[in-house]
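K.L.:
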Amino acid sequence: MEKYNQEWFKNRAFKSLRKISDGVWDYSDSLLLYISSGVELYEQLQETDTPYFKLVTKPEREYLQSIAKDVVDILPDNFEYIDLGPGTEHKEQFLFDELKKQGKSFTYIPVDISDHFLDIAESHASIQEIPMQKIKASFEELPELLGTPTAPRFVSIGLTFSNYAPQDILGLLKSIAGENGFVFINAQMRDRVDMLELQKVYQDDARHLADDKVRLIELDPEQDITPRLADDGFRISCFVLRSNQTLENMGIKNGDKLVVFQSLRYTKASLENELRSYNHDSFDTGSSFIATIIKT
1 MEKYNQEWFK
11 NRAFKSLRKI
21 SDGVWDYSDS
31 LLLYISSGVE
41 LYEQLQETDT
51 PYFKLVTKPE
61 REYLQSIAKD
71 VVDILPDNFE
81 YIDLGPGTEH
91 KEQFLFDELK
101 KQGKSFTYIP
111 VDISDHFLDI
121 AESHASIQEI
131 PMQKIKASFE
141 ELPELLGTPT
151 APRFVSIGLT
161 FSNYAPQDIL
171 GLLKSIAGEN
181 GFVFINAQMR
191 DRVDMLELQK
201 VYQDDARHLA
211 DDKVRLIELD
221 PEQDITPRLA
231 DDGFRISCFV
241 LRSNQTLENM
251 GIKNGDKLVV
261 FQSLRYTKAS
271 LENELRSYNH
281 DSFDTGSSFI
291 ATIIKT
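In the working numbering, the protein residues as written are 1 to 296.
1) Grouping DSSP H, G and I as helix and E and B as strand, with all else coil, what is proline 149?
2) Is it true that the segment 96-106 meets the segment 170-183, where meeting means three or more beta-carbon pairs spaced less than 8 Å apart?
3) Which whole-angstrom value is the C-beta distance of arginine 265 and arginine 190, which I expect to be below 8 Å?
4) Our contact map puts lysine 91 next to leucine 64 with C-beta atoms below 8 Å; I'd like the distance itself, whole angstroms only.
5) If you pair each beta-carbon of the segment 191-202 with each one of the segment 159-175, do three or more pairs fall below 8 Å?
6) Say whether the segment 155-164 touches the segment 267-282, bearing in mind that this needs 3 or more beta-carbon pairs closer than 8 Å, one atom from each stretch.
7) Which complete beta strand (DSSP E) runs does the segment 184-246 hold, if anything under 3 residues is left out?
8) Ends of the beta strand (DSSP E) at isoleucine 109?
9) Within the same chain, show all residues whose beta-carbon is closer than 7 Å to that of glutamine 128, passing over the 5 residues directly before and after it, in chain order.
10) If you draw a straight line from the alpha carbon of glutamate 122 to that of glycine 23, how long is it in whole angstroms?
11) Residues in the same chain with beta-carbon distance under 6 Å from asparagine 244, minus the five sequence neighbours each way, listed in chain order, please.
12) If you count every other CB in all the chains shown that lies within 10 Å of the CB of serine 288, and 16 or more means buried, which is it?
13) Apart from the five residues on each side of it in sequence, which residues of its chain come closer than 6 Å, Cβ to Cβ, to proline 131?
14) If we cut at 8 Å on Cβ distances, does histidine 124 have a partner in chain D?
15) How far does the alpha helix (DSSP H) with valine 71 in it reach, from first residue to last?
16) How big is the Cα-Cα spacing for alanine 291 and valine 183?
17) Quick check: the Cα distance between threonine 148 and leucine 142, rounded to an integer number of angstroms?
18) Would you report the Cα separation of methionine 250 and serine 156, rounded to the nearest angstrom?
19) Across which residues does DSSP place methionine 132 in a beta bridge pair?
20) How should histidine 116 be labelled, buried or exposed, when 16 other C-beta atoms within 10 angstroms of its C-beta is the threshold for buried?
21) Grab me the residues of proline 76's own chain with a C-beta within less than 7 Å of its C-beta, minus the 5 sequence neighbours each way, in chain order.
22) Please report the residue range of the beta strand (DSSP E) in which serine 126 lies.
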């Protein structure tokens, strides 16, 4: 099967459906969000006049800028910078600037299944004459694709960490980094942000974010499922109104709940609990964000 075409996405979509409990199914696979209209909606959320920008993007940028030196201080003199899902905000620039200042050399490796985002990342790095190699792949493919490290790896997923079940993504990030590597994650603290306002943002702005994703499992986002609702987690869910033969064969019936997207918020204690078995340094400046470097 040709990779990253509609058939590939469809196949992955059905395979990603996982039963959580009776009548509740996980369909939160983050990769499936960033297809066609999902990309556009995600970019619109980042625009400067949105509540999302005020509550998430702006404070995150300010926070990352404030910790860039502390992060770079930990990194070796020469390494591979693997940027998982580079996006459009160029948050990597804070690290680029500090790495240049400290005279550390690196190869920049943006990873995505979207040519659009990879081309943006390539253009941004090329202008600065940063050695780079873009990789079109899913994150799960990377441990095998990259093989044994020839230089230390710095694997950055940033806030996209929140889109995954923490132990699942931490295990994958560790295997991408390999031995003597570094993993960089970022999380927003639920007790340091206006959760009601942010829940409203996810409720209003993200309600169509998963439309194309829902179509992959042969459901009409208007007719076959209920309007999407954000809980205080934030998990975006809906109920199946009209299942289909393929889904019914898997056990998904009318009335079942689908979790189509998540962007989890933590407390400092709950984040530390998830990281308890990892060798890590966290950077708590009192911001609503806490980033962590895990040493593998």
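Here a beta-carbon is modelled for each residue, glycine too, at the ideal position from N, C-alpha and C.
P.N.:
A quick look at the data gives this:
1) Within the sequence shown, the letter at position 149 stands for residue 149. Reduced to three states, the DSSP call for proline 149 is coil.
2) Between the segment 96-106 and the segment 170-183, the count of C-beta pairs closer than 8 Å stays below three; the two stretches do not touch.
3) As a first step, residue 265 must be located in the sequence shown, where it is residue number 265. As a first step, residue 190 must be located in the sequence shown, where it is residue number 190. Right, the Cβ-Cβ distance comes to about 4 Å (below 8 Å), so this counts as a contact.
4) In the sequence shown, residue 91 corresponds to position 91, counting from 1. In the sequence shown, residue 64 corresponds to position 64, counting from 1. About 5 Å separates the two Cβ atoms, so the contact holds.
5) Output reads no: the segment 159-175 does not touch the segment 191-202.
6) Segments in contact, no.
7) Assignment of beta strand (DSSP E) within the segment 184-246, counting only whole runs of 3 or more residues, yields 235-239 in chain order.
8) Numbered from 1 along the sequence shown, position 109 holds the residue referred to as residue 109. Note, isoleucine 109: beta strand (DSSP E), 105-112.
9) As a working note, residue 128 is residue 128 in the sequence shown. So the list reads Phe96, once near-sequence residues are dropped.
10) Counting from one through the sequence shown, the residue named residue 122 turns up at place 122. Counting from one through the sequence shown, the residue named residue 23 turns up at place 23. Roughly 43 Å between the two C-alpha positions.
11) In the sequence shown, residue 244 corresponds to position 244, counting from 1. Within the same chain, asparagine 244 has close Cβ partners Glu218.
12) As a working mapping, residue 288 is identified with position 288 in the sequence shown. By the neighbour-count criterion, in which a residue is buried when 16 or more other Cβ atoms sit within 10 angstroms of its Cβ, serine 288 is buried.
13) For the purposes of this step, residue 131 is identified with residue 131 of the sequence shown, where counting begins at 1. Close CB contacts of proline 131 within its chain, under the 6 Å cut and outside five residues either way in sequence, are with Thr107 (chain order).
14) The chain inventory of the structure shown lacks chain D, comprising one protein chain alone.
15) As a working note, residue 71 is residue 71 in the sequence shown. Its alpha helix (DSSP H) spans residues 58-74.
16) For the purposes of this step, residue 291 is taken as residue 291 along the sequence shown, with counting starting at 1. For the purposes of this step, residue 183 is taken as residue 183 along the sequence shown, with counting starting at 1. If you take the alpha carbons of alanine 291 and valine 183, they lie about 10 Å apart.
17) Taking the first residue of the sequence shown as position 1, residue 148 is located at position 148. Taking the first residue of the sequence shown as position 1, residue 142 is located at position 142. Cα to Cα, threonine 148 sits roughly 11 Å from leucine 142.
18) Numbered from its first residue, the sequence shown carries residue 250 at position 250. Numbered from its first residue, the sequence shown carries residue 156 at position 156. Their backbone Cα atoms lie some 35 Å apart in a straight line.
19) Counting from 1 along the sequence shown, the entry for residue 132 is found at position 132. Looking at the DSSP assignment, methionine 132 forms a beta bridge with Tyr108.
20) Taking the first residue of the sequence shown as position 1, residue 116 is located at position 116. Residue burial is scored here from C-beta neighbours: histidine 116 has fewer than 16 other C-beta atoms within 10 angstroms and is therefore classed as exposed.
21) Residue mapping note: residue 76 aligns to position 76 of the sequence shown, counting from 1. Excluding residues within five positions, the ones whose Cβ falls inside 7 Å are Pro152.
22) Position 126 of the sequence shown, counted from the start, is the residue given in the question as residue 126. Note, serine 126: premise wrong, no beta strand (DSSP E); alpha helix (DSSP H) at 115-127.
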